[in-house]
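*Asks:* Under the numbering used here, the letters of the sequence shown match residues 156 to 408, in that order.
Glycine included, C-beta positions come from ideal geometry on N, C-alpha and C.
First the structure, which I've put down as structure tokens, then a few questions once you've had a look.
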Amino acid sequence: SPIDALRIAGSESDREVVFLAVGFETTAPAVALAVLQAHELELCNFSILISHVLVPPAMRTILGAVDNRVQGFLAAGHVCTIMGYRQYMPIAERYRVPIVITGFETVDVLNGILACVRMLESDVWGVENEYARVVLEAGNQAAQEMIARVFQTVDRNWRGIATIAESGLALQSAYEHFDARLKFTKPEQPSLNNAADSICISGEILRGIKKPTACPAFGNQCNPDRPLGAPMVSSEGACAAYFRYHRGATHVG
């Protein structure tokens with residue numbers, strides 16, 4: 156965790172400690188808290204490598220594509236626990252899609268699917284909260300304030316899709332001395348190419364255009380032990396789910 160990394164940096168001042176900050180809005184508050192504490196403690200050997208991304212800009216990009224096939228969303232409950240769901244309302248209205256806030260238990264997912272299908276069949280759109288026991292419309296105000304204090308929004312490259320405007324987080328100037336990229340990247344050092352492998356179609360899978368089994372690398376060159384794209388990296392990804400549970404999926408021995 157970022158707090159564990161902070162403790163290590165505090166106890167071992169002769170070592171550089173870099174925390175890899177990844178994930179959506181869910182994990183950003185803990186990273187923000189670590190940065191604030193590092194700033195207060197004046198730690199010089201602690202930094203973070205930031206790869207936080209934001210959900211709403213990605214949704215708008217998917218829905219605005221000419222080849223879009225997505226008709227509705229199950230919005231992740233853990234993200235909405237932090238951010239609430241007001242940010243989804245203008246998206247649902249503009250693109251006329253149902254967005255259902257959904258938890259992760261089996262019954263939660265089934266309820267979310269049922270609610271989304273009912274909205275589609277009734278030709279209605281909007282935001283429905285099927286995770287009301289946890290998610291509030293306004294979300295966690297304290298966590299949001301902490302994110303806004305430490306981070307600013309920036310353009311971010313989404314592997315397999317494109318660079319999406321204001322879809323990522325970066326440190327505010329007051330805390331940029333904790334940015335590992337600025338701290339360790341030499342001026343003449345080229346940036347890393349994060350383009351997806353040429354055989355990987357993760358971008359099309361992420362956008363709902365193709366299924367994982369349509370990828371020529373699925374189950375062979377690409378599997379959970381050797382993932383080529385984001386949908387196979389995470390256990391929540393479509394490719395990983397297909398690999399584990401889909402009938403007829405190709406598994407490597």
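At which residue ranges does the segment 189 to 264 contain complete alpha helix (DSSP H) runs of 4 or more residues, listed in the order of the chain?
*Replies:* Taking only runs of at least 4 residues, the alpha helix (DSSP H) segments lying wholly in the segment 189 to 264 are 210 to 219, 232 to 238 and 244 to 250.
*Asks:* What residues in its chain sit with their C-beta under 7 Å from that of HIS194, if we drop five residues either side in the sequence?
*Replies:* Position 39 of the sequence shown, counted from the first residue, corresponds to residue 194. Answer for HIS194: TYR330, listed in chain order.
*Asks:* Excluding sequence positions up to five away, which residues of its chain have a Cβ less than 7 Å from the Cβ of ALA298?
*Replies:* Working through the sequence shown from its first residue, we reach residue 298 at position 143. Closer than 7 Å at Cβ, skipping near neighbours: PRO184 and ILE237.
*Asks:* Which residues bound the alpha helix (DSSP H) around VAL305?
*Replies:* By one-based count along the sequence shown, residue 305 stands at place 150. Its alpha helix (DSSP H) spans residues 296 to 305.
*Asks:* Which residues share a DSSP beta bridge with CYS377?
*Replies:* Sequence index remark: in the sequence shown, residue 377 carries index 222 (1-based). PHE373.
*Asks:* Measuring CA to CA, which of TYR240, ILE316 and VAL282 is closest to GLN296?
*Replies:* Residue 296 sits at position 141 when you count from the first residue of the sequence shown. Nearest option by C-alpha distance: TYR240.
*Asks:* Taking the beta carbon of CYS199 as the centre, do at least 16 other beta carbons fall within 10 Å, making it buried, or is it exposed?
*Replies:* Along the sequence shown, read from residue 1 onward, the residue named residue 199 stands at position 44. It counts as exposed.
*Asks:* So is PRO386 buried or exposed if we call it buried at 16+ other beta carbons inside 10 Å?
*Replies:* The residue labelled residue 386 in the question sits at position 231 within the sequence shown. By the neighbour-count rule (16 or more Cβ atoms within 10 Å), PRO386 is buried.
*Asks:* Alpha carbon to alpha carbon, how far is GLN327 from VAL255? Give it in angstroms, no decimals.
*Replies:* The residue you call residue 255 lines up with position 100 of the sequence shown. The residue you call residue 327 lines up with position 172 of the sequence shown. Each residue's alpha carbon lies about 32 Å from the other.
*Asks:* Indicate whether VAL309 and VAL190 have their beta-carbon atoms separated by less than 9 Å.
*Replies:* Mapped onto the sequence shown, residue 309 falls at position 154. Mapped onto the sequence shown, residue 190 falls at position 35. No, they are not a contact pair.
*Asks:* Count the other CB atoms within 10 Å of the CB of PHE339; is the residue buried (16 or more) or exposed (fewer)?
*Replies:* Numbered from its first residue, the sequence shown carries residue 339 at position 184. Result: exposed.
*Asks:* Can you grab the Cα-Cα spacing for the pair ASP159 / SER202, in whole Å?
*Replies:* Translated into positions along the sequence shown, residue 159 becomes position 4. Translated into positions along the sequence shown, residue 202 becomes position 47. Between ASP159 and SER202, the C-alpha separation is close to 13 Å.
*Asks:* Between the alpha carbons of LEU361 and ASP169, how many angstroms are there, rounded?
*Replies:* The sequence position of residue 361 within the sequence shown is 206, counting from 1. The sequence position of residue 169 within the sequence shown is 14, counting from 1. LEU361 and ASP169: Cα-Cα distance of roughly 42 Å.
*Asks:* Give the DSSP-derived three-state secondary structure of LEU161 in the structure shown.
*Replies:* Working through the sequence shown from its first residue, we reach residue 161 at position 6. Three-state result, LEU161: helix.
*Asks:* For ARG224, which residues in the same chain have their Cβ closer than 7 Å to its Cβ, ignoring the five residues on either side in sequence?
*Replies:* Within the sequence shown, residue 224 is the residue found at index 69, counting from 1. For ARG224, where only same-chain residues beyond five positions count, the Cβ hits under 7 Å are GLY363 and ILE364.
*Asks:* Start and end of the beta strand (DSSP E) containing SER322?
*Replies:* Residue numbering aside, residue 322 sits at position 167 when the sequence shown is read from its first letter. Per DSSP, SER322 belongs to the beta strand (DSSP E) from 317 to 326.
*Asks:* Excluding five sequence neighbours on each side, which residues of the same chain lie with their C-beta closer than 6 Å to the C-beta of LEU175?
*Replies:* As a working mapping, residue 175 is identified with position 20 in the sequence shown. Once the five neighbours on either side are set aside, the close Cβ partners of LEU175 are LEU204.
*Asks:* Taking 9 Å as the threshold (C-beta atoms), are VAL282 and ALA213 in contact?
*Replies:* Along the sequence shown, one-based indexing puts residue 213 at 58. Along the sequence shown, one-based indexing puts residue 282 at 127. Not in contact: ALA213 and VAL282 (Cβ atoms no closer than 9 Å).
*Asks:* Secondary structure at ARG399, three-state DSSP: helix, strand or coil?
*Replies:* The residue you call residue 399 lines up with position 244 of the sequence shown. In this structure, ARG399 counts as helix in the three-state DSSP scheme.
*Asks:* Do GLN439 and LEU275 have their C-beta atoms closer together than 9 Å?
*Replies:* The shown model of the chain, from 156 to 408, leaves out residue 439, and the question about it has no answer.
*Asks:* Identify which residue in HIS207, GLU171, LEU196 and GLY165 has its Cα closest to the Cα of GLY178.
*Replies:* As a working note, residue 178 is residue 23 in the sequence shown. When only C-alpha atoms are compared, the closest one is HIS207.
*Asks:* Excluding five sequence neighbours on each side, which residues of the same chain lie with their C-beta closer than 6 Å to the C-beta of ARG399?
*Replies:* Translated into positions along the sequence shown, residue 399 becomes position 244. The answer is none, since no qualifying residue turns up.
*Asks:* Give me whichever residues DSSP pairs with GLU171 in a beta bridge.
*Replies:* In the sequence shown, the residue the question calls residue 171 occupies position 16. Bridge partners of GLU171: none, in fact.
*Asks:* Nearest by alpha-carbon distance to ARG288: which of LEU161, ILE302, CYS377 and GLU260 is it?
*Replies:* As a working note, residue 288 is residue 133 in the sequence shown. Comparing Cα positions, the closest option is GLU260.
*Asks:* If we count the other Cβ atoms within 10 Å of its Cβ and call it buried at 16 or more, is SER322 buried or exposed?
*Replies:* Along the sequence shown, one-based indexing puts residue 322 at 167. Burial call: buried.
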